[in-house]
Structure formats: structure tokens, C-alpha cells
Ligand SMILES: NC(=O)c1ccc[n+]([C@@H]2O[C@H](COP(=O)([O-])OP(=O)(O)OC[C@H]3O[C@@H](n4cnc5c(N)ncnc54)[C@H](O)[C@@H]3O)[C@@H](O)[C@H]2O)c1
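In the numbering used here, the protein residues as written are 2 to 384.
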């Protein structure tokens with residue numbers, strides 16, 4: 002299976018390209034092409050030290066320019082990976098489907114329900130698979146929680162809170178050019194992970210959203226909703242508070258801070274589900290401060306998202322963690338379900354793989370959230 006990747010930015014470097022290289026090394030993928038608008042992006046991706054060290058003989062075919070042009074002529078049956086800014090996902094996914102290709106798209110798939118429905122229809126009409134890469138689903142703790150919640154061990158979710166803050170230095174990055182009030186907000190960008198996770202664990206659906214935003218200015222003067230406090234109401238009456246920001250101190254340990262707490266009730270007892278998704282038990286303090294944005298002398302690295310583990314000659318330096326497992330899982334599911342509509346229907350119904358149809362609550366929440374934040378946090382019902 003040939004792979005065409007649209008976009009060569011941060012997520013490619015940190016997770017997707019090394020995962021694809023590993024699958025290629027295992028003989029499960031063919032040639033990989035990566036398209037980005039600027040040569041410098043592709044050069045930086047190619048020269049990423051960690052990738053070079055782990056995959057010294059692997060290479061992608063670089064294509065400079067817009068994805069629309071670059072994608073033309075792609076062989077039907079290929080895999081298109083969409084890792085572009087959110088507002089370009091719809092055009093890229095639709096073009097891939099029109100060209101007869103399967104799709105792996107980074108979250109969020111699209112920003113409106115209408116677009117998600119159009120993608121579902123286009124994929125079904127051609128028997129193609131579209132998967133959305135919500136990698137937290139492949140964190141073992143999410144699958145454990147889902148199984149135990151659905152076995153009734155926690156009773157019913159009632160009240161909960163989730164937090165995901167990126168570090169302050171993001172404000173100095175390319176974010177300041179696009180992460181402005183009219184395009185996005187902290188909840189839309191990263192809150193969707195925990196909304197998706199609570200739905201994934203419980204099977205409940207969100208029914209109303211209220212988002213209070215606090216605007217700050219980026220260094221270039223643009224204004225963005227850089228702090229958000231969201232209240233998501235669920236189909237059983239439960240309520241989840243979600244706080245997001247580009248505001249975790251650069252001097253704080255780890256690359257961000259994140260976690261989920263859910264209080265539940267069943268029979269005559271309360272129940273609790275609590276995940277520290279940032280502190281995973283490791284405390285490192287180095288002799289000198291490492292270089293790099295947000296890197297700190299004392300740190301709490303996560304062994305669970307994405308690491309390279311050197312297994313020595315023969316096996317090589319391999320990516321491990323749920324970032325890799327998520328790409329591996331999606332590629333396996335696409336390869337198993339292509340040309341097999343009955344299996345695809347079973348996979349969709351099982352709900353581990355996120356597809357446009359079985360994860361559409363995410364687009365519904367985002368659409369409602371964008372209305373709410375513009376109207377000072379009004380509660381917007383999801384119809
Ligand atoms: N935790 C997560 O799941 C997670 C984390 C980071 C990013 N993301 C998502 O990944 C996507 C990309 O984010 P990123 O941080 O890698 O962004 P980025 O800005 O680092 O990279 C975007 C890339 O798209 C390319 N691009 C833009 N317009 C293009 C066009 N017309 N044709 C071809 N290439 C074009 C740019 O050249 C760049 O390489 C976003 O949708 C984001 O929400 C998800």
C-alpha cells in the first residue's frame with residue numbers, strides 16, 4: 002500500500018512519520034511521499050535527528066507545493082494521511098476519496114457536521130475507509146476504562162473534569178498566525194480529545210455545550226481564545242468540565258499537563274475513575290538544562306505516548322507507545338476492511354476505530370462550542 006502524506010509539520014515529526022517508517026520496515030507499507038508547501042519543512046522533517054537515528058536507511062519522497070496538485074495521479078487504493086491545518090482537512094479528505102484512496106486524518110476530522118456527513122457519504126459510495134486519529138483511544142488505560150465502565154463496574158458517570166494545557170511557548174510558534182478567535186480556541190483544538198475519550202469510555206453522547214473563553218494577545222498582536230472553560234452535558238444528565246489553554250508554564254515538568262477525573266454512581270455507592278495523563282510515574286532531573294522549547298532540567302517524561310527504544314542490531318531503534326500503536330491499528334484496520342463492507346460495518350459498530358459516522362458527536366460539539374464561545378458561554382444544545 003502506497004502512502005501519500007499531506008502536511009509535514011509537528012505531528013508528522015513527533016509521531017506519524019516514524020510510525021509509518023516502522024510499518025514500512027515491517028513490510029506492511031510501500032513507498033511514502035510527503036507533501037508540504039515549503040522545502041524547508043520537508044528538509045527539516047528529513048533531517049530530524051531522532052528519525053534519522055532510528056531509521057537511517059528510510060526515506061520519503063518529498064513533494065513541494067499544494068496538496069491538491071500533488072495528490073493528482075495517486076494510485077487508487079493508496080493510503081492518504083491528512084496532517085494539514087484543521088480548515089484544510091475537508092478538501093483533502095474529499096479529494097482523496099474522489100481518487101479512490103483510503104484516509105487516515107488527524108483530529109479533528111472537520112469542523113462541521115455537514116462536512117462530516119459529506120465525507121461519510123463519499124466514502125460509503127466508493128467502499129473506502131476514513132479513520133480519524135484520536136490516539137488517546139489506543140492508550141491502554143482508555144481501553145481498560147472502556148471495558149470496565151461498559152461492564153458496569155463504575156455505574157453511571159455523573160460529574161467529571163478534564164484538563165489539557167499546552168505549554169506557554171506555543172504562543173511564540175506558528176500558532177499566532179492561525180490560532181485566532183475567528184478560527185479556533187483552546188477547547189476546539191485540544192478539548193476534543195477528552196470529549197472523545199469520555200464518549201469512548203462510557204458510550205454516552207454529548208447533548209449541550211457551554212464554553213467560556215478568555216482572550217489573550219499573541220506576541221504578534223493577534224488575539225486568540227487562549228484559555229477556555231467548557232461544560233459538556235451528556236445524554237444521561239452527566240456533566241463534564243473541560244479546561245484547556247496554551248498556558249502551562251514553560252518551567253513546568255513534562256510537555257503539557259493533562260488528566261481526567263470522573264465521579265460515577267451505581268446502586269448504593271459512588272465510584273471514581275481518575276487518570277493522571279501527564280505524570281506517569283517518572284521523575285528525572287538532569288545535570289544541566291536540556292535545550293529545546295519547554296524542555297526543563299527536572300521533568301516528568303511520559304513513557305506511554307511516543308518513545309524510541311533501541312533494541313540493538315537486528316531489531317533496530319523502534320517507536321513504542323500509543324502514538325505508534327494508534328497508527329499501526331488504523332493501518333491494520335484499513336488493510337483488513339478494504340473491499341470488505343461487512344467487516345467495515347462490524348469495525349464501525351465496535352467503535353474502537355473512529356470513523357466519521359461513529360465519532361460525529363465530536364463535530365457536533367465543536368460546532369456548538371464555536372457558537373457558545375462567541376456568545377459569552379451561552380449553553381448551546383446539540384440537535
Ligand atoms: N494531539 C493530536 O492529536 C494532534 C497534535 C498536533 C496536531 N494535530 C493536528 O494535526 C494537524 C496538523 O498540525 P501540526 O501541528 O502538524 O501543524 P503544522 O503547522 O506544524 O503543520 C502543517 C503542515 O501543513 C502544510 N500545509 C499547509 N497548507 C498546505 C497545502 N495547501 N498543501 C500542502 N501542505 C500544506 C504545512 O506546510 C505544514 O507542513 C492539525 O489538524 C492539528 O489539529 C493533532
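For each residue, glycine too, the CB sits at the ideal point set by N, CA and C. Note that the structure is a prediction, hence the values are computed from the model and not measured.
Is it buried or exposed, residue i, if we count other Cβ atoms within 10 angstroms and call 16 or more buried?
i	result
residue 298	exposed
residue 364	buried
residue 39	exposed
residue 154	exposed
residue 263	buried
residue 275	exposed
Report yes if the CB atom of residue i is closer than 9 Å to the CB atom of residue j, and no otherwise.
i	j	result
residue 307	residue 291	no
residue 345	residue 245	no
residue 300	residue 255	yes
residue 42	residue 9	yes
residue 355	residue 241	no
residue 366	residue 131	no
residue 87	residue 171	no
residue 349	residue 337	no
residue 104	residue 111	no
residue 3	residue 80	yes
residue 331	residue 121	no
Taking the beta strand (DSSP E) that residue i falls in, what are its first and last residues?
i	result
residue 229	224 to 235
residue 271	270 to 277
residue 243	240 to 249
residue 106	103 to 107
Would the beta-carbon of residue i be found less than 8 Å away from any heavy atom of ligand 1?
i	result
residue 364	no
residue 348	no
residue 385	The structure shown has nothing for residue 385, since the chain only spans 2 to 384.
residue 181	no
residue 134	yes
residue 191	yes
residue 90	yes
residue 206	no
residue 19	no
residue 335	no
residue 38	yes
residue 66	yes
residue 11	yes
Output the boundary residues of the alpha helix (DSSP H) element that contains residue i.
i	result
residue 176	176 to 179
residue 199	193 to 203
residue 385	Residue 385 is absent from the model: the chain starts at 2 and stops at 384.
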